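The structure appears right after this line, and notes come after that.
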Amino acid sequence: MRNMFLKWLLFFIVIAFAVTFVATYSLQTHYANEHAEQLIGLNLVDVKKQLALNARNVAILRKHVAENGLAKARALAHILALSPAAATDGVRLVELLRVLGVDEINVADGRGILVGSTEPRFVGYDMGSAAQSAFFMPLLTDPKLELLQDPQPIGFDARTLMQYAGVPRRDGPGFVQVGYRSESFRQTMNLVDPRKTIFGLRVGAKGVVMICENNHIISVDDSSWLGSNLESHGIPTQRLKGAQKGKFTAVVRGVPSLCLFEHLNGYTIIGTLPKNEMYVNRNAMCMQMIVFNLVLFAMVFVLISTLVQRVVISGIYKVNSSLEKITQGDLEEKVRVDANEEFVMLSNGINTMVSAMKQAMAEVARRLDAELEFASAIQHASLPSVFPPYPDRRDVEIFAAMHTAKEVGGDFYDFFLIDGTHLALVMADVSGKGIPAALFMMTSKTMLKNYAEAGLSPAQVFNDTNRHLCANNEAGMFVTAFLGILDTDTGVLSYVNAGHNPPYLRRVGGRFEALALTSGFVLAGLDDQIYEQDEVQLRPGDTLFMYTDGVTEAQNAALELYSEERLERCLARWQNEQGVEALIHLVERDIETFAAGADRADDITMLAITYCGNAAGSAEATETPAAGLEPAAAAPGMSELVVPAALSALPAVQEFVLGVMLSHGDCPPVVQNQLELVVEELFVNIAHYAYAPGQGEATLRCGVMGAPPELVMQFIDSGRPYNPLDKADPDVDASLAEREIGGLGIYIVKNTMDAVEYEYRDGRNILTIRKKLITAEPPTSAADGLDGRGQA
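Under UniProt numbering, the first residue of the sequence shown is numbered 1, with each subsequent residue one higher.
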């Protein structure tokens, strides 16, 4: 332990040293960067001031040149007013060049044609013929106008750069010009040109300040840099774009340097400072800190390690010696370390804890037995246990059994009548063991039953149950489940699965096979899970066997699993006439024989049901039929109308159906409109095609049944056999020209009704449709009350 403590102490001291060094290094680097930026920035400010001064001087010079040029032009106009003949006298005009101190004189008449010039080749030139010379044409119309033109190529010869000033003539129409060649004002501007200015500025010992134009150096202290491109010195010109000023790092002449730049009046001012010069002071400070901290932390390490060894570690060794005996099961051992007050308190605390531990272990053992017993009681009390459950019904035969493991799990089964013709079947397995699993089982079972009894489809029952379980699932538990709703009249089993073992279905005269299904994710796993349901048509004598994984995962002493293969071989030995109770007992005995006395690790739960068919149903079941109506006569609760299969009978058919709907008294207008459209479509099809070209009768049966209320209609005729459901749906997205004729009516029927079924029996076409008149919603009170019952 001492070595480990010393390692950790050394580790923390090294970390402290590293943190101190990094903090010092970072802080000094920050200060060095700030100082370098300030130093370069001050030099840039000096250059900016010099450039600003040059700009002001340039403006003054330009103003002086402008005023001087216009003054000389006015003087020329005055001279020509006194001596008009001189306007066309080239010799006199040349003399005036020296008098006025200009490089060129031009005289234009009232049409803008040069009549006199110090350049004989210009005489006769039309001033309006070129953009440069046409600049002065407004002088012909405004006698008070005076114009000064910036230096530019003349219109007569683009190779000659001149600056002109012009004023109207005083001796008549026209104007006069005086001009300066580029050399005249270029010499003046050179006096304030930054290229001619050597600033003599340096940043630190080796840094530089430079002025650039078009990425070329035009002014710098080191003349060897003049005229060169920035890229040749390692300064990336791309970094100078996009901002008025900024900073970056570059390798300037092979030396990493900090660079600051700023654009001003068409120039770019750049200052650089090598980084090795920037960080001289930082490096010196860091070296001093390293030496100081090494000495300081070495002293701290020695002092702390010595103190801890004497005060703490020796006492810990004694405590550990006693704790080792306690952990080996010697709960009579007492810790006695009195080196200081803290160890005395620790010793007393450990001794008290050991005493409490002995009491707690005994209490836990007692409570665990009670919890397992209570959880088992919860499981069994909530499950149907009286068989046969419906002694007055002969349409189904049901039997179920559950054997809990020593460590109680969360298996459960359930079955209940939703109404007189719909039987719900549930098989589920909750994750976890003990009381939490039993309580979660109760919550899940209650939710499934409440939503199913509300008239929802199996898929919607799972969707709503899943959302509610996810919303109150802090323990992270989940449920695998299978739910089937059997229509005892028709034998149609609608079912949905959430990660549970597929049930086995045995057809009459066949063998048990796994039921084909679409398996969704477990309940309480994902709150946005959408479940899909499937359907299978049961015939009288078909048997469904449901179970949990405790059946196939039962183990023997060799830890072998019972497996699905053994289960299938066992199921194959059962015969229908033995009954479903015999089927359950057969599987129980086979598992017991396989396990050979080994303890059960999980609950074993099974449910079997044989569908006997509606012909054997009870009186209660036939009083409120919902499906499977016999064509020979209308079932109780159904009205019947027989009419000729002709269009003339359509009003009577519509009035008949409307009367049945209104007798219910609660049919939404949208549902009523849909039903009227469907009745018309189906009856018109019978009238047109069932007996053509002959005649015959059509029978319509209609009634409102069940809870929630559902309208059931049957269209029966003895015409040629025809199943409209076999016709492919039309392409509703195609244009009218592209779409095939026909098929749209039955497409509307299938998409507006809740169910559409066809059969051909006893020489008759029988088309049955169903439509819920009121959409059932799960009762709020039931959903709100689930947690209360589940936590009782």
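Yeah, the Cβ is synthetic: ideal placement off N, Cα and C, and Gly gets one too.
This one's a predicted model, so the numbers in the text were calculated from it and none came from an experiment.
{"query": "Proximity below 8 Å, CB of LEU44 to CB of PHE301", "result": "no"}
{"query": "Where VAL178 sits in the DSSP three-state scheme", "result": "strand"}
{"query": "N- and C-terminal bounds of the beta strand (DSSP E) containing VAL749", "result": "Premise fails: VAL749 lies in the alpha helix (DSSP H), 744-752, not in any beta strand (DSSP E)."}
{"query": "Neighbour-count burial assignment, residue 869, 16 or more Cβ in a 10 Å radius", "result": "Examination of residue 869 is not possible in this model, given that the chain is present from 1 through 792 alone."}
{"query": "Burial state of ALA438 (16 or more Cβ within 10 Å)", "result": "buried"}
{"query": "From ILE326, SER322 and PRO173, residue whose alpha carbon lies closest to that of VAL337", "result": "SER322"}
{"query": "ALA86, buried or exposed, once every other Cβ within 10 Å from all chains shown has been counted against 16", "result": "buried"}
{"query": "Rounded separation between MET162 and GLY112 - CA only", "result": "19 Å"}
{"query": "Which listed residue (ILE604, GLU581 and ALA582) has its alpha carbon closest to that of GLU592", "result": "ILE604"}
{"query": "Inter-residue spacing [alpha-carbon to alpha-carbon] between LYS206 and GLU277", "result": "8 Å"}
{"query": "Collapsed DSSP secondary structure at TYR317 in the structure displayed", "result": "helix"}
{"query": "Selected residue, minimal CA-CA separation from THR404, among ARG181, ALA690 and VAL551", "result": "VAL551"}
{"query": "Residues of its chain near TYR758, where Cβ-Cβ distance is below 8 Å and the 5 sequence neighbours each way are ignored", "result": "ASN723, PRO724, LEU725, ASN765, ILE766, LEU767 and THR768"}
{"query": "Buried versus exposed call for ALA616 [16 or more other C-beta atoms within 10 Å across all chains shown]", "result": "The predicted model places ALA616 with a pLDDT of 39, which falls under 50 and marks its position as unreliable, so this point remains unresolved."}
{"query": "Coarse secondary structure for ARG789, derived from DSSP in three states", "result": "Low confidence applies to ARG789: its pLDDT is 29, below 50, so where it sits in the model is not reliable, and the reading given next is rough at best. Note: ARG789 maps to helix in three-state DSSP."}
{"query": "Per DSSP, the bridge partner or partners of GLN359", "result": "In DSSP, GLN359 forms no bridge with anything."}
{"query": "Closest Cα partner of PRO436 within the set VAL479, ALA554 and VAL396", "result": "VAL479"}
{"query": "Distance CB(LEU523)-CB(PHE462) smaller than 8 Å", "result": "yes"}
{"query": "Between the CA atoms of MET606 and SER639 - distance to the nearest angstrom", "result": "42 Å"}
{"query": "Three or more C-beta pairs below 8 Å linking the stretch 229-249 and the stretch 14-24", "result": "no"}
{"query": "Inter-stretch contact at 8 Å, needing at least 3 Cβ pairs: the stretch 43-57 / the stretch 84-101", "result": "no"}
{"query": "ALA616 - DSSP class collapsed to helix/strand/coil", "result": "Note that ALA616 scores 39 on pLDDT, short of 50, meaning its location in the model is unreliable and no value can be drawn from it."}
{"query": "Coarse secondary structure for ASP46, derived from DSSP in three states", "result": "helix"}
{"query": "With 16 other Cβ atoms within 10 Å as the buried cut-off, status of ALA690", "result": "buried"}
{"query": "Cβ-Cβ separation, LYS771 to LEU711 (assumed contact under 8 Å), whole Å", "result": "5 Å"}
{"query": "GLY520 versus GLY499 - alpha carbon distance", "result": "6 Å"}
{"query": "Spatial distance of ILE290 from GLU342 (CA atoms)", "result": "38 Å"}
{"query": "Outcome for PHE545 when other beta-carbon atoms lying within 10 angstroms are tallied against a minimum of 16", "result": "buried"}
{"query": "Cα-Cα separation between LYS72 and VAL167, rounded to whole angstroms", "result": "10 Å"}
{"query": "Residues sharing a beta bridge with PHE248, DSSP", "result": "CYS259"}
{"query": "DSSP three-state assignment for LYS325, whether helix, strand or coil", "result": "helix"}
{"query": "Whole-angstrom distance between PHE683 and LEU629, CA atom to CA atom", "result": "Any reading at LEU629 needs caution, since the residue's pLDDT is 40, under 50, leaving its predicted position unreliable; the model's value is listed next. When rounded, the distance between both Cα atoms is 19 Å."}
{"query": "From GLU676, VAL65, SER718 and ARG600, residue whose alpha carbon lies closest to that of CYS702", "result": "GLU676"}
{"query": "Cβ-Cβ distance between GLY174 and GLY110 below 8 Å", "result": "yes"}
{"query": "Supposed contact pair ALA557 and ALA598 - C-beta distance, whole angstroms, cut 8 Å", "result": "5 Å"}
{"query": "Reduced DSSP secondary structure (H/G/I, E/B, other) of CYS702", "result": "strand"}
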